[in-house]
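Take the position in the sequence shown, starting the count at 1, then add 46; the result is the number in this note's numbering.
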Amino acid sequence: MPKELSDIIGAALRPRRDGEGKLLSLDEAVGRYVRPRMKLHLAAGIGGPSAAICEILRQYSGKTPEFTLIQSTLSGHALNLVHCNLVKKLICSVCADISASGRPSRIIQRAYGDNTIQLENWSLCSLQQRLMAGALGVPFLPTRSVLGSSIASDNKESFREMEDPFGSEEKVGIVEALNPDISIIHGCVGDLEGNIILSSPYGEDLWGPLASSNGVLATVEKIVPTEFIKKYSALVKIPGCVVNAVCVAPLGLHPFSLPNPGITDFDPYEKDIDFLNELHGASKSESTLDGWIKEWVTDCATHQHYLDKLGQGRITSLKEKSKDSRSRVMSASIPQSESRKEIDSDEMMLIALSREIVNSVRTHGHRLILAGAGTRGIAAWLAYYQLKTEECEIELITGNGQIGYLPLPGESILSSEASVRSSKMLTDTITTQGVFVGGKNNKCLSVLGAIQIDKYGNINSTMTSTRQFLMGSGGANDAMNAREVIVALDQSKDRFAEELPYITGRGKAVTTVVSTMGIFKKPSPQEELHLVACFPSAQPTSVREKVKEVQDRCGWPLKLASQIKEISKPSQGELDLLRWLLSSPSS
């Protein structure tokens with residue numbers, strides 16, 4: 047081989063030497079690549095790249111950079127960007143305080159109520175489709191989501207409805223392409239060239255970085271050799287060619303969890319629920335939150351100072367917790383109830399809901415159950431275990447990309463490191479919500495909670511009648527595209543509303559609603575909900591009296607089935623299984 051050719055090939059194959067590449071300190075990378083009035087895209091699991099977010103808070107605190115923030119789920123430290131007036135416009139799917147479960151964010155409610163931010167809310171899938179269009183370089187993409195909802199009317203500048211140009215006479219939605227100026231992500235590991243292995247499932251993390259006009263700023267738990275990257279090349283989702291800088295930030299997703307995507311020599315960690323609850327408590331007023339941010343962010347000069355403040359004991363416990371959950375459930379047995387305590391209305395609702403799920407799967411042959419993020423999703427877990435005893439071929443799915451996961455007692459209905467490791471497939475939101483939940487050949491049953499519902503099954507989880515922001519669509523709008531939808535919510539006139547102030551998702555696929563007092567069904571997709579059954583009560587009460595009570599707590603003249611049944615009381619086995627699923631890890 048000629049020497050010149052040998053030299054060329056050798057140079058191409060030579061690994062980068064230490065000190066070369068795109069490695070920067072976090073403060074230097076943010077200072078170099080983040081600029082005022084940018085469209086910032088943040089991606090990494092539920093709460094985004096926390097270490098980078100804290101660095102942005104340090105560098106821009108007291109200033110008005112007027113960022114447009116693009117992030118699917120705004121929670122944790124990311125909410126503080128809004129509190130500190132760094133964000134002019136927010137493009138998102140969910141804004142919530144998330145710990146063991148989700149709840150409306152006081153920070154967002156204050157900012158939206160005071161008109162200090164513009165808020166553009168999308169469903170999880172439709173926002174990713176906008177970013178996907180931006181990455182592909184096309185001006186728009188079609189979507190099955192958003193159609194017929196208030197999301198469509200709120201976002202007229204970026205959403206259109208059109209006839210299928212190929213003659214099916216079906217209406218189709220189209221979303222406008224979205225290109226961030228910079229995307230900031232957090233990965234598990236990366237090499238000096240910026241090739242990044244992300245955690246899985248990939249959720250909403252894939253398309254924003256690829257759509258970014260000015261590349262990617264990546265933080266990682268640690269730097270690995272390029273040979274390591276080559277060994278796991280199938281897991282590399284962000285290539286070095288789009289990455290401007292890579293920064294080492296151990297525990298860079300804290301207080302949220304970081305699952306292991308399937309690589310060696312890597313320590314995952316669980317969600318820090320205590321930390322998230324402390325942040326939620328601090329958000330009760332602007333002054334207490336100012337003090338909390340000062341203590342945990344601006345007074346910590348660097349990410350290392352933040353880790354030092356957390357303490358090695360707390361960090362170790364989060365890593366140990368991620369190892370414990372799986373072994374705990376595999377070795378657990380369902381305890382028999384000793385107290386035989388009376389069932390409460392929430393337990394009755396969950397058991398009735400689980401029965402409806404079981405019956406629906408048996409009747410319609412669903413193969414997937416999407417359990418919503420609220421606590422009512424526990425009913426889907428209960429139904430799953432009951433169906434598995436019948437050797438039914440059924441799997442649980444999440445909107446962010448988990449398929450075939452094992453429900454764990456005491457774990458959050460939201461994604462946890464332990465449930466990720468039990469999954470049979472890990473993918474992204476477009477694949478789950480766009481294909482397996484809402485695609486042409488879906489065999490999915492969606493089980494959702496809602497803030498409000500109307501007589502046709504349309505739901506609201508976004509806005510009150512006084513224009514107070516709740517949490518946003520999240521995946522609810524997308525989930526309404528499943529083959530069948532069952533909705534659960536409390537029974538009251540406010541919840542069962544004659545007219546919704548906001549339609550998060552249309553109710554065409556809703557067949558059944560389970561409340562804290564009874565069960566409602568639609569005889570056909572176009573008809574109103576009818577009361578078909580009432581729950582048993584502790585005191586002797588006639589069915590007629592129960593029906594009257596339900597009618598009094600419904601916001602419209604409620605139609606009744608020709609025969610209304612009383613639901614049978616739960617068996618002790620149902621109660622034991624439910625209480626096991628609701629139990630804390632130490633029980």
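All C-beta atoms, glycine included, are put in the ideal place defined by N, C-alpha and C. For clarity, every value in this text was computed on a predicted model and none was experimentally measured.
Exercise. Could you give the residue range of the alpha helix (DSSP H) that holds L72?
Worked result: From DSSP, the alpha helix (DSSP H) with L72 extends over 72-79.
Exercise. Which residues in the same chain have their Cβ closer than 6 Å to the Cβ of K605, if we skip the five residues on either side of it in sequence?
Worked result: Cβ neighbours of K605 beyond the five flanking positions: E574, H576.
Exercise. If you drop the 5 nearest sequence neighbours on each side, which residues of the same chain put their C-beta closer than 6 Å to that of W168?
Worked result: Same-chain partners within the cutoff: S139.
For this session: Along the alpha helix (DSSP H) that carries N405, what are the first and last residues, could you check?
Result: N405 -> alpha helix (DSSP H) spans 391-410.
For this session: Within 10 angstroms of the Cβ of V589, are there 16 or more other Cβ atoms? Answer buried if so, exposed if not.
Result: Classification of V589: exposed, given that the 10 Å Cβ count is below 16.
Problem set entry | Pick from T550, P111, D210, G254 that is closest to P226, judged by C-alpha positions | Looking only at T550, P111, D210, G254, the smallest Cα-Cα distance to P226 is reached by G254.
For this session: Only counting runs of 4 or more residues, tell me where the alpha helix (DSSP H) segments fall wholly within the region 227-290, in order along the chain.
Result: DSSP runs (the alpha helix (DSSP H)) wholly in the region 227-290: 253-257, 272-277.
For this session: Would you list, in sequence order, the uninterrupted beta strand (DSSP E) runs of no fewer than 3 residues that lie entirely inside the region 514-542?
Result: As summarised for the region 514-542, the continuous beta strand (DSSP E) elements at least 3 residues long and confined to that stretch are 530-534, given in chain order.
Exercise. How do the region 123-139 and the region 168-180 stand: do at least 3 beta-carbon pairs fall below 8 Å, yes or no?
Worked result: Contact between the region 123-139 and the region 168-180 is established, with three or more Cβ pairs separated by less than 8 Å.
For this session: Assign W626 to one of three DSSP states: helix, strand, or coil.
Result: Three-state result, W626: helix.
For this session: Output the distance between the C-alpha atoms of L454 and W342, rounded to the nearest integer angstrom.
Result: Distance between L454 and W342, taken at the CA atoms: about 31 Å.
Problem set entry | Cβ distance (whole Å) where E239 is taken to contact G286 below 8 Å | About 4 Å separates the two Cβ atoms, so the contact holds.
Problem set entry | M208 burial status per 10 Å Cβ neighbour count (16 or more: buried) | Flag for M208 reads exposed.
Exercise. How is V140 classed by DSSP in three states: helix, strand or coil?
Worked result: Residue state, collapsed to three classes: strand.
Exercise. Hey, quick one: how far does the alpha helix (DSSP H) through E295 stretch, first residue to last?
Worked result: Before going on, a small fix: residue 295 reads as Ala here, not Glu. Where A295 is concerned, there is no enclosing alpha helix (DSSP H), given that its DSSP letter is neither H nor E.
For this session: Report the option in G94, I242, S406, G236 whose CA atom is closest to the CA atom of V556.
Result: Of the candidates G94, I242, S406, G236, the one whose C-alpha sits nearest the C-alpha of V556 is S406.
Exercise. Among Q105, W602, G194, which one has its Cα closest to the Cα of K340?
Worked result: Taking only the C-alpha atoms, the option nearest K340 is Q105.
Exercise. Is DSSP giving V493 helix, strand or coil here?
Worked result: Secondary structure at V493: strand, using DSSP grouped into helix, strand and coil.
For this session: Report the rounded CA-to-CA distance for E166 versus A584, giving the unit in angstroms.
Result: C-alpha separation (whole angstroms): 46 Å.
For this session: Check E595 in the structure and name its three-state DSSP category.
Result: The answer is helix: DSSP assigns E595 an H, G or I state.
Exercise. Apart from the five residues on each side of it in sequence, which residues of its chain come closer than 6 Å, Cβ to Cβ, to Y451?
Worked result: Cβ neighbours of Y451 beyond the five flanking positions: L442, S465, S468, S469.
Problem set entry | Segments assigned alpha helix (DSSP H), at least 4 residues, entirely inside the region 301-363 | The region 301-363 contains these whole alpha helix (DSSP H) runs: 319-328, 332-339, 349-356.
For this session: Taking 8 Å as the threshold, find out whether the region 182-202 comes into contact with the region 273-286 through three or more Cβ pairs.
Result: Judged by Cβ distances under 8 Å, the region 182-202 makes no contact with the region 273-286, as fewer than three pairs qualify.
Exercise. In three-state terms, what does DSSP make of Q618?
Worked result: Note: Q618 maps to helix in three-state DSSP.
Problem set entry | Bridge partner(s) assigned by DSSP for P82 | Answer is none; P82 lacks a bridge partner.
Problem set entry | Among V192, I440, E203, the one whose alpha carbon lies nearest that of V218 | Ranking the options by Cα distance to V218, first place goes to V192.
Problem set entry | Same chain, Cβ closer than 8 Å to G423, five either side skipped, listed in chain order | Around G423: A417, I459, V493, G495.
Exercise. Where does I613 fall in DSSP's three states?
Worked result: DSSP places I613 in coil when its eight states are reduced to three.
Exercise. Using 8 Å as the threshold, is the region 75-85 in touch with the region 325-337, meaning 3 or more CB pairs across them?
Worked result: Output reads no: the region 325-337 does not touch the region 75-85.
Exercise. Does the Cβ of E267 have 16 or more other Cβ atoms within 10 Å, making it buried, or fewer, making it exposed?
Worked result: By the 10 Å Cβ count, E267 comes out buried.
Exercise. What is the residue span of the alpha helix (DSSP H) that R156 lies within?
Worked result: Segment 152-159, the alpha helix (DSSP H) holding R156.
For this session: Find the nearest neighbour of D474 within the set M509, N487, N446, G484, judged by alpha-carbon distance.
Result: Nearest option by C-alpha distance: N446.
Exercise. In the DSSP assignment, what are the bridge partners of A426?
Worked result: A426 is not bridged by DSSP to any residue.
Problem set entry | N- and C-terminal bounds of the beta strand (DSSP E) containing M208 | Note, M208: beta strand (DSSP E), 205-209.
Problem set entry | For P307 and S245, believed in contact at Cβ under 8 Å, the rounded distance | Between P307 and S245 the Cβ distance is about 6 Å, and since that is below 8 Å, they are a contact.
For this session: Starting from the Cα of F186, find the closest Cα among S195, F205, G194 and give me that residue.
Result: That would be F205, whose Cα lies nearest to the Cα of F186.
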